[in-house]
Amino acid sequence: MSDTSKNITPPVIEIGIVGWMRKNLFSTWYNTILTLIGLYFIYLIIPPLFSWIFFDATFSGTTRDDCTSSGACWVFIKQNMKLIIYGLYPSDELWRVNIAYFLLTVSIIYLLIPNLKYKGFVGVFLLLIFPIICIFLFSGGLGLENVETRLWGGLFLTLVIAGVGIVLSLPIGIMLALGRRSKLPVVSLLSTIFIEIWRGVPLITVLFMASNMFPLFMPEGVNFDKLIRALIGVMFFSAAYLAEVVRGGLQAMPKGQYEASQAAGLTYWKMMVLIILPQSLKIVIPAIIGSFIALFKDTTLVLIIGLFDFLGIIQFVGTNPDWLGFSHEGYVFAAAIFWVFCFGMSRYSQRLEKKLDTGN
Amino acid sequence: MRPSKFSNFIFNRTVQGTFYQAITLSLVILGVYYIVQNTAENMMARGLASGFHFLGVESQFDIGMTLIEYSPTSTYFDAFIVGLLNTLLVAGIGIFFATIVGFAFGIMRLSSNWLIAKIAETYIEVIRNIPLLLQIFFWYFAVLRALPKPKQSLEFMDSIFLNNRGLFLPDPNFSESSSVIFNLFWITIVISIFIFVWSKRRQNRTGITFPAFYVSAALIVGVFFAALAATGFPVSFDIPELKGFNYKGGMKLIPELVALTFALSMYTAAFIAEVVRAGIMAISKGQTEAAKSVGLKDGLVLRLIIIPQALRVIVPPLTNQYLNLTKNSSLAAAIAYPDLVLVFAGTALMQTGQAIEIIGMVMGVYLFLSLFTSIIMNLFNRITKVGER
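Top line first, the protein sequences correspond to chains A and B. For the record, in the first sequence the residue sitting at position 164 is 170 according to our numbering, with numbers rising by one throughout. For the record, in the second sequence the residue sitting at position 130 is 133 according to our numbering, with numbers rising by one throughout.
Here it is as structure tokens:
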């Protein structure tokens with residue numbers, strides 16, 4: 007008895023920091039090597055990056071002469087902040103954009119706080135009423151001075167394009183998905199062709215088409231604004247992708263749901279709106295938000311047809327002779343903003359997925 | 004009350020279906036007719052002739068990078084081919100590197116080593132959530148354009164040079180006798196295939212295994228190096244040299260190409276990593292345990308059980324990512340890399356004004372690639388589909 011108990015070594019510590027490190031970082035000899043290599047990479051990248059962004063950076067000042075430190079010069083961003091956020095929107099009218107920014111922020115914060123009442127109303131407001139308010143606020147009308155769209159720019163324009171794309175492409179996408187799943191051959195064929203064409207080509211060619219071909223399609227004298235042309239392109243492009251996402255949800259519905267609603271005597275539209283779509287859209291909410299993230303990133307492409315969106319403005323202020331050589335700061339700033347938006351959306355969708363999972 | 008004949012007729016499913024389809028079809032036809040009519044009028048007003056005659060006309064513009072013979076006296080069709088080849092080149096290189104980096108990060112993400120898994124996760128989450136165009140701009144304007152002049156190039160092993168004019172690589176030169184080596188190489192590959200078939204058959208018949216993989220690998224590599232030595236290394240490298248203000252000789256990759264392929268591969272790699280991770284995680288643990296319990300060794304478990312099943316999950320979304328990369332290569336237009344979109348839908352369209360034909364051709368190329376890929380994928384799915392009980 008006592009002999010065998012002597013030969014057994016005490017168990018390796020598995021709790022506490024040491025135990026955790028032993029288990030997750032140094033479990034075998036090659037894991038130890040990997041950990042050391044990983045640490046070395048972190049050492050190579052993180053300290054210089056942080057000192058460039060924060061510790062060695064210049065935050066105060068007004069001109070490029072204030073940029074004397076070895077790190078980033080955020081004065082560049084600070085001085086051009088108005089351009090970056092509003093584009094060339096007239097200074098006296100900025101309050102109009104600010105109201106929209108304010109309403110948007112408040113509604114989103116309201117939606118994010120858990121367990122509040124009337125979230126449905128806020129959602130409907132954001133999707134239906136808010137865009138209409140924005141149209142009047144931004145472009146003018148109802149006594150407000152008219153502001154041409156060529157003056158729109160910066161983060162403001164990016165949000166407008168992404169917002170219009172999101173709000174308009176969802177209903178079109180749902181209709182296309184229903185069309186593709188339809189039993190009527192003509193409707194199904196037309197929807198399929200439409201979806202596959204838009205999905206098969208890059209967004210750039212769509213935008214080129216919007217800026218070069220749309221004017222040819224319209225009768226003499228009818229002239230669409232460049233922004234509206236781009237918006238139409240973005241909208242159809244995004245709708246085609248959403249259609250496939252929604253179709254995935256429709257296909258995931260068990261056949262019994264269709265049969266039961268038909269047995270209850272519902273018409274096609276009642277069946278879809280009351281039974282099928284609410285359930286199938288719920289399944290694909292994460293994928294829909296994924297499409298929105300892709301759309302948000304894709305809005306940067308409009309700079310190729312000469313619209314000054316967020317990235318376009320960053321490019322533009324970088325070519326200002328007073329601020330040559332600060333492109334690093336511009337790109338890092340833009341990357342950080344885009345990242346916050348996209349990462350936030352993806353985390354929100356993960357949370358929603360967990361919450362909506364009713365386990366059936 | 005009995006329903007009348009009329010209400011029987013209008014509430015009939017088939018009749019309603021036909022009616023709605025007829026309405027849809029006529030609306031679409033009317034819309035198309037309207038657009039065609041307007042386009043014809045507009046083109047008349049602008050003095051444009053429709054049709055593809057312009058393809059045979061001299062293009063009169065030069066292209067910065069061409070894989071085939073091209074000059075301003077070449078036709079618009081030649082310009083189209085040049086752009087297409089440049090697009091395919093970027094896509095090819097991009098796919099190659101994106102696959103390697105993507106698989107590496109996908110496997111790292113699943114590592115039991117916490118630090119390695121976190122590094123991979125950070126990479127994926129950062130890269131995926133930043134627009135590709137911004138990344139291309141960063142690598143092109145902020146990194147490659149900001150590199151030192153040729154005189155202060157970054158050097159690797161005295162043969163690879165990186166500066167603001169581009170990346171200069173040694174160019175391999177194959178002399179006459181090198182064709183012998185290539186022929187031998189192909190012959191050994193054919194022999195290896197025979198070895199595989201033979202060993203499989205023998206194993207099925209008698210149960211005796213044969214190390215086909217090691218034997219054929221040794222054969223291919225051994226014969227290759229033996230032939231190299233026997234012919235006296237007929238491959239020489241043309242190493243770039245600094246002459247005047249720039250490097251001469253060697254293989255030159257323009258900075259636009261380097262930035263574009265780098266950004267594309269890094270971006271797509273983040274998505275491929277997620278695809279790979281999902282594929283590996285889709286294989287349930289029971290598969291490994293069952294395979295081990297019937298006595299398979301670790302290597303065989305991986306080769307015969309895990310990889311075939313994971314690939315079935317990985318390949319369709321992976322090809323989708325390849326397709327995305329190819330379509331995203333059109334962002335080349337933003338940094339003036341002469342791809343299909345920039346050369347044809349940009350310069351050629353500007354000069355000729357043939358918007359419909361040119362954009363139609365460009366879209367057609369991408370559409371063809373997409374449809375072709377989806378046909379291949381449907382075939383793949385049909386072949387690898389599990390027979391369900």
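Beta carbons: idealized from backbone N, C-alpha and C, even for Gly.
Using CA atoms only, rank isn't needed, just tell me which of B/8, B/134 and B/106 is closest to residue 339 of chain A.
As a first step, residue 339 of chain A is located in the first sequence; it is residue number 333 there, counting from the start. Residue B/134 is the option with its Cα nearest to residue 339 of chain A.
List, from N- to C-terminal side, the alpha helix (DSSP H) runs of 4 residues or more that fit wholly inside the segment 178 to 245 of chain A.
Counting only runs of 4 or more, we get 191 to 206, 209 to 218 and 220 to 223.
Determine the direct distance from the alpha carbon of residue 139 of chain B to that of residue 89 of chain A, and round the result to whole angstroms.
As a first step, residue 89 of chain A must be located in the first sequence, where it is residue number 83. As a first step, residue 139 of chain B must be located in the second sequence, where it is residue number 136. So the two alpha carbons sit approximately 22 Å from each other.
Consider the Cβ of residue 50 of chain B: report whether some Cβ of chain A lies at a distance smaller than 8 Å.
Taking the second sequence and counting its residues from 1, the one referred to as residue 50 of chain B is at position 47. Closer than 8 Å: no.
Flag residue 277 of chain B as yes if its beta-carbon sits less than 8 Å from any beta-carbon of chain A, otherwise no.
Looking up residue 277 of chain B in the second sequence gives position 274. No, its Cβ sits nowhere closer than 8 Å to a Cβ of chain A.
What's the gap between the Cα of residue 100 of chain A and the Cα of residue 329 of chain A?
The residue labelled residue 100 of chain A in the question sits at position 94 within the first sequence. The residue labelled residue 329 of chain A in the question sits at position 323 within the first sequence. So the two alpha carbons sit approximately 24 Å from each other.
Does the CB of residue 108 of chain B have a neighbour CB from chain A at under 8 Å?
Translated into the one-based positions of the second sequence, residue 108 of chain B becomes position 105. Not closer than 8 Å to any Cβ of chain A, the Cβ of residue 108 of chain B fails to qualify, so no.
State the DSSP-derived secondary structure class of residue 158 of chain B, mapped to helix, strand or coil.
Looking up residue 158 of chain B in the second sequence gives position 155. Note: residue 158 of chain B maps to strand in three-state DSSP.
Between residue 152 of chain B and chain A, is the shortest Cβ-Cβ distance under 8 Å, so that the two count as touching?
The count along the second sequence starts at 1 and reaches residue 152 of chain B at position 149. Closer than 8 Å: no.
Are residue 150 of chain B and residue 132 of chain B touching if we call contact CB-CB under 8 Å?
Translated into positions along the second sequence, residue 150 of chain B becomes position 147. Translated into positions along the second sequence, residue 132 of chain B becomes position 129. For residue 150 of chain B and residue 132 of chain B, no; Cβs fall outside 8 Å.
Which of helix, strand or coil does DSSP assign to residue 249 of chain B?
Within the second sequence, residue 249 of chain B is the residue found at index 246, counting from 1. Of the three classes helix, strand and coil, the one that applies to residue 249 of chain B here is strand, per DSSP.
Quick check: what's the CA-CA separation for residue 174 of chain B versus residue 255 of chain B?
Sequence index remark: in the second sequence, residue 174 of chain B carries index 171 (1-based). Sequence index remark: in the second sequence, residue 255 of chain B carries index 252 (1-based). The alpha-carbon atoms of residue 174 of chain B and residue 255 of chain B are separated by roughly 9 Å.
Rounded to the nearest angstrom, what separates residue 353 of chain A and residue 296 of chain A at their Cα positions?
Residue 353 of chain A sits at position 347 when you count from the first residue of the first sequence. Residue 296 of chain A sits at position 290 when you count from the first residue of the first sequence. Straight-line Cα distance between these residues: approximately 11 Å.
Could you tell me which of A/360, A/86 and A/73 sits nearest to residue 323 of chain A, measuring between CA atoms?
Position 317 of the first sequence, counted from the first residue, corresponds to residue 323 of chain A. Nearest of A/360, A/86 and A/73 to residue 323 of chain A, Cα basis: A/86.
Report the rounded CA-to-CA distance for residue 231 of chain A versus residue 179 of chain A, giving the unit in angstroms.
Within the first sequence, numbered from 1, the residue matching residue 231 of chain A stands at position 225. Within the first sequence, numbered from 1, the residue matching residue 179 of chain A stands at position 173. Distance between the alpha carbons of residue 231 of chain A and residue 179 of chain A is about 24 Å.
Taking the beta carbon of residue 36 of chain A as the centre, do at least 16 other beta carbons fall within 10 Å, making it buried, or is it exposed?
On the first sequence, position 30 is the one that residue 36 of chain A refers to. The residue is exposed, with fewer than 16 neighbouring Cβ atoms inside 10 Å.
Going by C-alpha distance, which of B/36, B/332 and B/42 is nearest residue 358 of chain B?
On the second sequence, position 355 is the one that residue 358 of chain B refers to. Residue 358 of chain B has its Cα closest to that of B/42, out of B/36, B/332 and B/42.
Got a sec, what are the start and stop residues for the alpha helix (DSSP H) residue 320 of chain B sits in?
For this step, residue 320 of chain B is matched to residue 317 along the second sequence. 310 to 331 is the span of the alpha helix (DSSP H), which, as asked, contains residue 320 of chain B.
Applying a beta-carbon distance threshold of less than 8 Å, which residues of chain A neighbour residue 115 of chain B?
As a position in the second sequence, residue 115 of chain B is number 112, starting the count at 1. Those within 8 Å of residue 115 of chain B in chain A are 30, 33 and 37.
Could you say which of A/14, A/149, A/173 and A/359 lies nearest to residue 245 of chain A if we only look at CA atoms?
Translated into positions along the first sequence, residue 245 of chain A becomes position 239. Minimum Cα distance to residue 245 of chain A is reached at A/173.
Give a yes or no on whether the C-beta atoms belonging to residue 216 of chain A and residue 238 of chain A are separated by under 8 Å.
Here the question's residue 216 of chain A lines up with position 210 in the first sequence. Here the question's residue 238 of chain A lines up with position 232 in the first sequence. Yes, Cβ-Cβ distance for residue 216 of chain A and residue 238 of chain A is below 8 Å.
Classify residue 361 of chain A as helix, strand or coil using the three-state DSSP reduction.
Against the first sequence, residue 361 of chain A aligns to sequence position 355. In this structure, residue 361 of chain A counts as helix in the three-state DSSP scheme.
Going along chain B in order, which residues have a C-beta closer than 9 Å to the C-beta of residue 352 of chain A?
Position 346 of the first sequence, counting from 1, holds the residue named residue 352 of chain A. Those are 128, 131 and 132, listed as they occur along chain B.
Would you report the Cα separation of residue 335 of chain B and residue 205 of chain A, rounded to the nearest angstrom?
As a first step, residue 335 of chain B is located in the second sequence; it is residue number 332 there, counting from the start. As a first step, residue 205 of chain A is located in the first sequence; it is residue number 199 there, counting from the start. Distance between the alpha carbons of residue 335 of chain B and residue 205 of chain A: 19 Å.
With 8 Å as the threshold, decide whether the Cβ of residue 44 of chain B is near any Cβ in chain A.
Position 41 of the second sequence, counting from 1, holds the residue named residue 44 of chain B. Cβ-Cβ to chain A under 8 Å: yes for residue 44 of chain B.
Less than 8 Å between the C-beta atoms of residue 270 of chain B and residue 171 of chain B, yes or no?
Position 267 of the second sequence, counting from 1, holds the residue named residue 270 of chain B. Position 168 of the second sequence, counting from 1, holds the residue named residue 171 of chain B. No, Cβ-Cβ distance for residue 270 of chain B and residue 171 of chain B is not below 8 Å.
Using a Cβ-Cβ distance cut-off of 8 Å, determine whether residue 337 of chain A contacts chain B.
As a working mapping, residue 337 of chain A is identified with position 331 in the first sequence. It does: the Cβ of residue 337 of chain A has a partner Cβ on chain B nearer than 8 Å.
Residue 8 of chain B: buried (16+ other C-beta within 10 angstroms of its C-beta) or exposed?
Position 5 of the second sequence, counting from 1, holds the residue named residue 8 of chain B. Flag for residue 8 of chain B reads exposed.
Give me the chain B residues within the contact set of residue 333 of chain A, using Cβ-Cβ distance strictly less than 9 Å, ordered along the chain.
Taking the first residue of the first sequence as position 1, residue 333 of chain A is located at position 327. The contacting residues are 140, 141, 144, 145, 148 and 149.
What is the DSSP secondary structure of residue 153 of chain B, reduced to helix, strand or coil?
Mapped onto the second sequence, residue 153 of chain B falls at position 150. Three-state DSSP puts residue 153 of chain B in a helix.
Using a C-beta cutoff of 8 Å, does residue 392 of chain B count as contacting chain A?
Within the second sequence, numbered from 1, the residue matching residue 392 of chain B stands at position 389. Here the model assigns residue 392 of chain B a pLDDT of 44, short of 50, so the residue's position is not dependable and the matter cannot be decided.
Around the Cβ of residue 75 of chain A, are there at least 16 other Cβ atoms within 10 angstroms (buried) or fewer (exposed)?
In the first sequence, residue 75 of chain A corresponds to position 69, counting from 1. By the neighbour-count rule (16 or more Cβ atoms within 10 Å), residue 75 of chain A is not buried but exposed.
If contacts are defined as beta-carbon pairs under 8 Å, then residue 362 of chain A and residue 288 of chain A qualify, I think. What distance do you get, rounded to the angstrom?
Here residue 362 of chain A refers to the residue found at position 356 when the first sequence is read from its first residue. Here residue 288 of chain A refers to the residue found at position 282 when the first sequence is read from its first residue. About 6 Å separates the two Cβ atoms, so the contact holds.
Evaluate residue 369 of chain B with the Cβ neighbour count: other Cβ atoms within 10 Å of its Cβ, from every protein chain shown; 16 or more gives buried, anything less gives exposed.
On the second sequence, position 366 is the one that residue 369 of chain B refers to. Buried, because 16 or more other Cβ atoms sit within 10 Å of the Cβ of residue 369 of chain B.
In terms of alpha-carbon separation, which member of A/170, A/201, A/165 and A/171 lies closest to residue 181 of chain A?
By 1-based counting over the first sequence, the position of residue 181 of chain A is 175. That would be A/201, whose Cα lies nearest to the Cα of residue 181 of chain A.
Is the Cβ-Cβ distance between residue 69 of chain B and residue 332 of chain B less than 8 Å?
Along the second sequence, one-based indexing puts residue 69 of chain B at 66. Along the second sequence, one-based indexing puts residue 332 of chain B at 329. Not closer than 8 Å, so no.
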